[in-house]
Amino acid sequence: MTHALIVVVLNVFLVGLSGCSVFEKQAAADTPAAAVDRTAYYLCGGCHGPENIRVETMTPNLFGQKKGYLAAKLRDYRDKQRVNPFMNGIAEGLSDHDIDNLAAYFSSSGSTSK
1 MTHALIVVVL NVFLVGLSGC SVFEKQAAAD TPAAAVDRTA YYLCGGCHGP ENIRVETMTP
61 NLFGQKKGYL AAKLRDYRDK QRVNPFMNGI AEGLSDHDID NLAAYFSSSG STSK
């Protein structure tokens, strides 16, 4: 296999794994901040990397981006105005509230808590 094909196969695998736990029922004592932190980790971390460390160079770094930019791009992916099969699939289940929370999380450099 070529390097590009290996990267694509790995990305498909990681996206599949990252989406498995995102929509599980959360504990009643969960705080909104912890829920956003966990969603960012499971939903975005598989490709974009957890704790500001990218998994590979084909995905952009999300931490520190402008909130409005991130929210607009996520809405574009969700609404299929911007086409990327991986991102369209990830974003299609996000509400406007989810998108705003994720954009705020990444624009503020995310959580440093473990």
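Following the UniProt record's numbering, the numbering of the sequence shown begins with 1 at its first residue and continues without gaps. Ideal placement from N, C-alpha and C gives every residue a C-beta, glycine not left out. The structure presented is a predicted model; accordingly, all values stated were derived computationally and were not measured.
| request: List the endpoints of the continuous alpha helix (DSSP H) containing ALA71. | output: Counting from one through the sequence shown, the residue named residue 71 turns up at place 71. Element bounds for ALA71: 67-78.
| request: Would you mind giving the Cβ-Cβ distance between LYS67 and SER95, rounded to the nearest angstrom? I have them listed as a contact below 8 Å. | output: As a working note, residue 67 is residue 67 in the sequence shown. As a working note, residue 95 is residue 95 in the sequence shown. 16 Å between Cβ atoms; not a contact.
| request: Inspect the beta-carbon positions of THR39 and ASP98 and report whether they are closer than 9 Å. | output: Counted from its first residue, the sequence shown places residue 39 at position 39. Counted from its first residue, the sequence shown places residue 98 at position 98. Contact: yes.
| Three-state secondary structure (DSSP) at VAL83? | As a first step, residue 83 must be located in the sequence shown, where it is residue number 83. Reduced to three states, the DSSP call for VAL83 is coil.
| For GLY45, which of helix, strand or coil comes out of DSSP? | Numbered from its first residue, the sequence shown carries residue 45 at position 45. In the three-state reduction of the DSSP assignment, GLY45 falls in the helix class, which pools H, G and I.
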